[in-house]
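Take a look at the structure set out below.
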Amino acid sequence: MDPAQQIDAYCERVGPELWAEPLNALTNGAFLIAALIMVWRLRGSGLTLGYAMAAALALIGVTSGAWHIWALSWTGAADVLSILVFILLYLWASNRYFWELSPLWAGLGVLAFFPYAAAMGWVIARLPFFQISGLYWAVALLIGVTGWALRHRSPETARNLGIGATILTVSITARSLDEPLCSVLPIGTHFIWHVLNGIMLGWMIETYRRHRLRGQSAI
């Protein structure tokens with residue numbers, strides 16, 4: 117695929133102009149706002165990984181904004197890659213501090229995400245409606261299952277992960293309805309995905325921060 121090829125992937129875009137998706141572009145500010153809030157929340161905590169996740173969150177805002185302004189193949193790839201970076205950082209944090217695994221096992225757990233995502237992607241691709249956002253449904257399921265599994269070990273963290281999974285579920289639903297509802301809602305619903313995801317990803321970092329500051333981790 118030509119990296120400079122322009123792609124029309126969302127309901128709001130009706131032409132090749134740079135600002136053909138104003139709502140989709142501007143609502144990426146939600147990621148930047150959430151990142152700034154979390155940097156402020158993390159101050160004095162010494163949680164370097166938390167700052168790394170906040171930086172990844174800001175990167176999502178920048179790359180997603182570029183994707184919706186230019187709509188080029190390479191900006192779309194950068195958007196997906198930035199999301200993957202956040203996911204992998206959070207998996208490391210979850211394995212290392214929620215489950216208190218050694219660095220080796222935490223790393224292997226991160227690597228296990230790739231076959232998990234491939235397998236779930238294969239399954240979800242065969243389900244009507246869900247295949248539109250296959251990878252993201254797999255992530256929501258993983259967060260929900262992790263929360264459920266932690267319910268006895270760390271009830272508050274489990275509850276907070278459940279909140280995150282719920283917000284993400286609503287967010288993914290909005291993303292998936294963008295094209296199906298386009299004929300009745302010309303602005304689309306993708307911008308809702310941005311706003312809710314900014315809230316959700318900020319909340320996930322906050323969940324990590326609270327867990328670490330409660331001193332529940334033995335590592």
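The sequence shown lines up with residues 117 to 335 when you count with the working numbering. Glycine is no exception: its CB is placed at the ideal position from the N, C-alpha and C atoms. Note that the coordinates shown come from a computational prediction; the quantities given were computed from them, not determined experimentally.
Residue i: first and last residue of the uninterrupted alpha helix (DSSP H) it sits in
i, result
"threonine 230", "The sequence shown places phenylalanine at residue 230, rather than the threonine named in the question. Start and end: 229-240."
"isoleucine 83", "The question about residue 83 has no answer, for the chain in this structure spans 117 to 335."
"tryptophan 156", "145-158"
"asparagine 140", "138-142"
"serine 210", "Run containing serine 210: none; DSSP gives neither H nor E here."
Inter-residue Cα distance where the pair is residue i and residue j
i, j, result
"histidine 310", "threonine 273", "24 Å"
"leucine 217", "asparagine 211", "6 Å"
"methionine 320", "threonine 191", "25 Å"
"glycine 160", "alanine 168", "15 Å"
"glycine 223", "proline 231", "14 Å"
"leucine 165", "valine 300", "43 Å"
"serine 270", "serine 249", "30 Å"
"isoleucine 123", "alanine 187", "5 Å"
"alanine 256", "valine 286", "10 Å"
"valine 130", "glutamine 247", "24 Å"
"leucine 251", "alanine 234", "8 Å"
"valine 261", "alanine 172", "23 Å"
"threonine 289", "isoleucine 153", "26 Å"
"arginine 325", "alanine 141", "29 Å"
"methionine 316", "valine 201", "16 Å"
"histidine 268", "proline 119", "48 Å"
"isoleucine 203", "valine 226", "9 Å"
Per DSSP, the bridge partner or partners of residue i
i, result
"leucine 122", "With the sequence shown as reference, residue 122 is identified as glutamine, and leucine is not the correct amino acid for it. Looking at the DSSP assignment, glutamine 122 forms a beta bridge with Leu188."
Q: Would you list, in sequence order, the uninterrupted alpha helix (DSSP H) runs of no fewer than 4 residues that lie entirely inside the stretch 253-324?
A: 271-292
Q: Count the CB pairs spanning the stretch 273-282 and the stretch 292-299 that are closer than 8 Å, and state whether there are at least three.
A: no
Q.
Whether or not the stretch 145-153 and the stretch 174-190 are in contact is what I'm after, with contact meaning three or more pairs of Cβ atoms, one per stretch, closer than 8 Å; do they touch?
A. yes
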